[in-house]
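**Student:** Numbering (UniProt numbering), first residue to last: 1 to 177. Every residue, glycine too, gets a C-beta built ideally from N, C-alpha and C. Every value quoted in this text rests on a predicted model; they were computed, and no experiment measured them. Sharing a structure with you now.
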C-alpha cells in the first residue's frame, strides 16, 4: 500500500464506523445486466447484486470494509418497481421504467434504492495521481481531494476526509430534524 491508498482506506474505515454508529441504513449496489438473446430465448434485463453501500454525495462507500475497493464513484440509481403497461411517456421515461423493473427482477424488493454501474476508485499511488478532471477525486501533493463537480479545480477543494465528514454531518443533521 502507498501513503495515498492508506489515507483513502483510513478515511473510508472511519466513515464506515461513524455511519454504522449512527444507524444509517445502506442501499444496494448492483451491476446492470442488459436484456440479451440466448439462442431463441430473449432474457430480460436484470441487476446482479454486488453488496451494500452508503451514498456520500458523488461517492459510494461499501459497507463491507474488506471489499476492494472500498470507495466507488456513484453511477446512476433507481428504485425497484414493477414494469407497468407503457403509456404515452417519453422514451427516456420508458427506459427508466425498464431499469427499475430490472432491479425488481434482480431480487430487490419494490421501493429499494439500487445504485448500479458504479466505477471503482483505484487503490494504487500511480492510478490515483493519474485521475483526470472528469473524476471526482484528484491528488494535490500528498493529499486526496474531492471536486464539487466534474472539471472543477482541485485548488480549495476539500480533502477526502473532510468531504466524508461533511457528508456524514449532513446525513446526521437530516436525522435530527
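1. Find the nearest neighbour of residue 134 within the set 9, 93, 24, 154, judged by alpha-carbon distance.
2. Just curious, the alpha helix (DSSP H) that residue 105 is in, first and last residue?
3. Under a three-way DSSP split, which group does residue 147 fall into?
4. Report the option in 120, 81, 103, 92 whose CA atom is closest to the CA atom of residue 34.
5. Among the residues of its own chain, which have a CB less than 7 Å from the CB of residue 74, if the five just before and after it don't count?
6. How far does the alpha helix (DSSP H) with residue 20 in it extend, from its first residue to its last?
7. What span of residues does the beta strand (DSSP E) with residue 81 cover, start to end?
8. Could you please give me the residues that DSSP links to residue 120 through a beta bridge?
9. Sort out for me which residues DSSP pairs residue 32 with in a bridge.
10. Going straight from the alpha carbon of residue 12 to that of residue 93, what length do you get?
11. I'd like to check one pair, residue 86 with residue 63: are the Cβ atoms closer than 8 Å?
12. So is the beta-carbon of residue 140 under 7 Å away from any non-hydrogen atom of the ligand GDP?
**Tutor:** Reading off the structure:
1. Along the chain shown, one-based indexing puts residue 134 at 134. Per the Cα distances, 154.
2. Residue 105 sits at position 105 when you count from the first residue of the chain shown. Per DSSP, residue 105 belongs to the alpha helix (DSSP H) from 91 to 105.
3. What you label residue 147 is simply residue 147 of the chain shown in a count that begins at 1. Three-state DSSP puts residue 147 in coil, outside helix and strand.
4. Locating residue 34 in the chain shown gives position 34, counting from the first residue. Cα-wise, what sits closest to residue 34 is 103.
5. Looking up residue 74 in the chain shown gives position 74. The answer, listed in chain order, is 55, 58, 59, 60, 115, 118.
6. Reading the chain shown from its first residue, position 20 is the one you call residue 20. Counting along the chain, the alpha helix (DSSP H) containing residue 20 begins and ends at 3 to 22.
7. As a first step, residue 81 must be located in the chain shown, where it is residue number 81. Careful: residue 81 lies outside any beta strand (DSSP E) and carries neither H nor E.
8. Residue 120 sits at position 120 when you count from the first residue of the chain shown. Partner(s): 72.
9. For the purposes of this step, residue 32 is taken as the residue at position 32 of the chain shown. For residue 32, which the question treats as bridged, DSSP gives the partners 47.
10. Position 12 of the chain shown, counted from the first residue, corresponds to residue 12. Position 93 of the chain shown, counted from the first residue, corresponds to residue 93. So the two alpha carbons sit approximately 35 Å from each other.
11. Residue mapping note: residue 63 aligns to position 63 of the chain shown, counting from 1. Residue mapping note: residue 86 aligns to position 86 of the chain shown, counting from 1. Cβ atoms of residue 63 and residue 86: not closer than 8 Å.
12. Inclusion of the ligand GDP in the displayed structure is not the case, the ligand content being empty and no account of it being possible.
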